[in-house]
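J.:
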Amino acid sequence: MTQRERILTIAVVGLFVAIGLNWGFNKYRAALKDRRSRVESLTTTQQQLVEAQLQGEYANRQMGKYIDRSLSSNVERAQSDYQQWLLDIVSSNQIRNVSVDRTGTLPVGDLYHRLSFRLSGLTDKQNFIKLLHAFYAKDYLHRIRSFELTPSRSNGFSMEMTIDAIALAAAPEDAAQPGNDSWRVDSDVANYLQPIMNRNFFAPPNQAPLYTGRPTVEAIVGRDSPIPLTFKDAEGHAIEYALVGETPESVSLDARSGTLRIQSPEKREIKVVISATDNGYPPRSSKQELLVKVVDPPPPPAPPPPKPEFDDASQTVLTALVQGGDDWTAWMNVRTRGKTLKLRVGDEFEIGSVKGKVVGVTPRYIEIEIEDDRRVTLKPAGVLREAADRALED
């Protein structure tokens, strides 16, 4: 065998070996992938079975709770027992002219019967709410499908309810009544009544007064210092005020006007709490803490500058503009003094309340500079004070 044939034989054998190894590796990888897929499938199936088992246990536990709350599986007995219970709660809550009627029975497959009742009577608001508490506190499988409450001509309200109750087929015939421990209502009837009774059914909820003033106020030491309080009520109700907690004898409050009065002989800080209660239905109140700083009286205001008894500028008139040589002269007649001032450019003067300097004299007018670098133009027969006032207004 030549060298060339030997090399060709080795190459062919190597190719077949590589093909065999590749085929074997692919078979191994496919088997591994198939095994992994089967493991994942079995794991998913196991999880589904466990979840189904848990749901079944939950359903059994829930069904057990429903059975404890169900009426008797004997429909006649269930109707009789539930109707008697309705009569008992309306009697204990002083409902008048009571009527409790069976209105129908509806089977729902083989699972349960729905029993319907109609309850009517006369009551007042408090006894009606107590009746609702007694109804929802009882842990039956029941509901109030609808009710109407209308004012009665006699006194109170006329009510009519449609009630549904459930009798499960799996419940025992001698099923006992469930307890009065439903999570739907507070076990204390007073706590159930309070938020319902203490509101107006015919208007939006009453809002408490709102304080709109500053949280820190000041009083003068050694003086009776009245401090009006600013509470606003959204509905415009009258407000009654009161101090809350312990307060010094130097602090008092007018209950009607809401004026806080402080009379302290020394400088200090006083914390007070104010309660504001409106007369809405039901009354609402709010509290506000105030810090009262007792301080020295403010310094007296500076006295205003004395006004001249009579302003000469209001009686000073430009009488003439006279040319002399190369310049012009303005003649200002001060009538109150009987004098005529002859003013040229650059002359300064003070006539009554007007102090100024002549900056220009023309054949038609005189221009004067007064306070704040304002300029006044005065024409013949013009009054100096009036011209100055116009310049201050501009």
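With our numbering applied, the sequence shown covers 1 to 394. All C-beta atoms, glycine included, are put in the ideal place defined by N, C-alpha and C. Just so it is clear, the structure is predicted and the values come from calculations on it, not from any experiment.
Based on Cα-Cα distance, which residue from Lys339, His237 and Val50 lies nearest to Gln207?
T.: Among Lys339, His237 and Val50, the Cα nearest to that of Gln207 belongs to His237.
J.: Expressed to the nearest angstrom, what Euclidean distance is found between the alpha-carbon atoms of Thr9 and Lys27?
T.: Each residue's alpha carbon lies about 27 Å from the other.
J.: Which residues in the same chain have their Cβ closer than 8 Å to the Cβ of Asp327, if we skip the five residues on either side of it in sequence?
T.: These residues qualify, in order along the chain: Arg344, Val345 and Val361.
J.: Would you list the residues sitting across from Pro151 in a DSSP beta bridge?
T.: Answer by DSSP bridge pairing, in chain order: Phe157.
J.: Below 8 Å, how does it come out for the stretch 211-231 and the stretch 299-318: are there three or more Cβ pairs, yes or no?
T.: No, because fewer than three Cβ pairs between the stretch 211-231 and the stretch 299-318 fall closer than 8 Å, the two stretches do not touch.
J.: Taking DSSP's pairing of strands, which residues face Glu269 in a bridge?
T.: Beta-bridge pairing links Glu269 to Lys293.
J.: To which residues of the same chain is Asp145 closer than 6 Å at the C-beta, ignoring the five residues directly before and after it?
T.: Checking the displayed sequence, the identity of residue 145 turns out to be Arg instead of Asp. The answer, listed in chain order, is Thr162 and Asp164.
J.: Using only alpha-carbon positions, find the residue among Gln79, Val292, Thr340 and Arg35 that is nearest to Ala219.
T.: The option with the nearest alpha carbon to Ala219 is Val292.
J.: My guess is that Val189 and His133 are in contact by the Cβ rule of under 8 Å, so how many angstroms apart are they, rounded?
T.: Confirmed, about 5 Å.
J.: Using the C-alpha atoms, what's the distance from Phe147 back to Asp88?
T.: Spanning the two alpha carbons is a distance of roughly 19 Å.
J.: Less than 8 Å between the C-beta atoms of Gly121 and Arg143, yes or no?
T.: Not in contact: Gly121 and Arg143 (Cβ atoms no closer than 8 Å).
J.: If you drop the 5 nearest sequence neighbours on each side, which residues of the same chain put their C-beta closer than 8 Å to that of Ala31?
T.: So no residue of the chain qualifies.
J.: Thinking Leu193 and Gln84 are a contact (beta carbons under 8 Å), I'd like their distance in whole angstroms, please.
T.: Rounded, the Cβ-Cβ distance is 26 Å, inconsistent with contact.
J.: Hey, could you find the ends of the alpha helix (DSSP H) Arg61 is sitting in?
T.: Gln3 to Arg69 is the extent of the alpha helix (DSSP H) around Arg61.
J.: Within 10 Å of its beta-carbon, does Gly280 have 16 or more other beta-carbons around it, so buried, or fewer, so exposed?
T.: Buried is the call here.
J.: Along the chain, where does the beta strand (DSSP E) that runs through Leu341 open and close?
T.: Note, Leu341: beta strand (DSSP E), Lys339 to Leu343.
J.: With a cut-off of 8 Å on the beta carbons, I'd call Ser73 and Pro209 a contact; round off their distance for me.
T.: Wrong, their Cβ atoms sit about 59 Å apart, outside the cutoff.
J.: Let me know the secondary structure DSSP gives Ile351 once reduced to three states.
T.: Ile351: strand per DSSP, three-state reduction.
J.: Is it right to say Gly352 is buried, meaning 16 or more other beta carbons lie within 10 angstroms of its own, or is it exposed?
T.: By the neighbour-count rule (16 or more Cβ atoms within 10 Å), Gly352 is buried.
J.: As a quick exercise: from Pro107, Glu386, Leu86 and Val108, pick the residue whose alpha carbon is nearest that of Ser99.
T.: Taking only the C-alpha atoms, the option nearest Ser99 is Leu86.
J.: Check whether the stretch 366-374 and the stretch 383-394 are in contact - that is, three or more C-beta pairs closer than 8 Å.
T.: Flag = yes, the stretch 366-374 and the stretch 383-394 touch.
J.: Can you tell me the Cα-Cα spacing of Leu318 and Phe310, whole angstroms?
T.: Answer to the nearest angstrom: the Cα atoms are 19 Å apart.
J.: With distances taken Cα to Cα, identify the nearest neighbour of Pro215 among Gly245, Gln288, Leu168 and Gly179.
T.: Selected option, being the one with the closest Cα: Gln288.
J.: Just to confirm before moving on: does the CB-CB distance between Thr123 and His113 stay below 8 Å?
T.: In this structure, His113 does not lie closer than 8 Å to Thr123 by Cβ.
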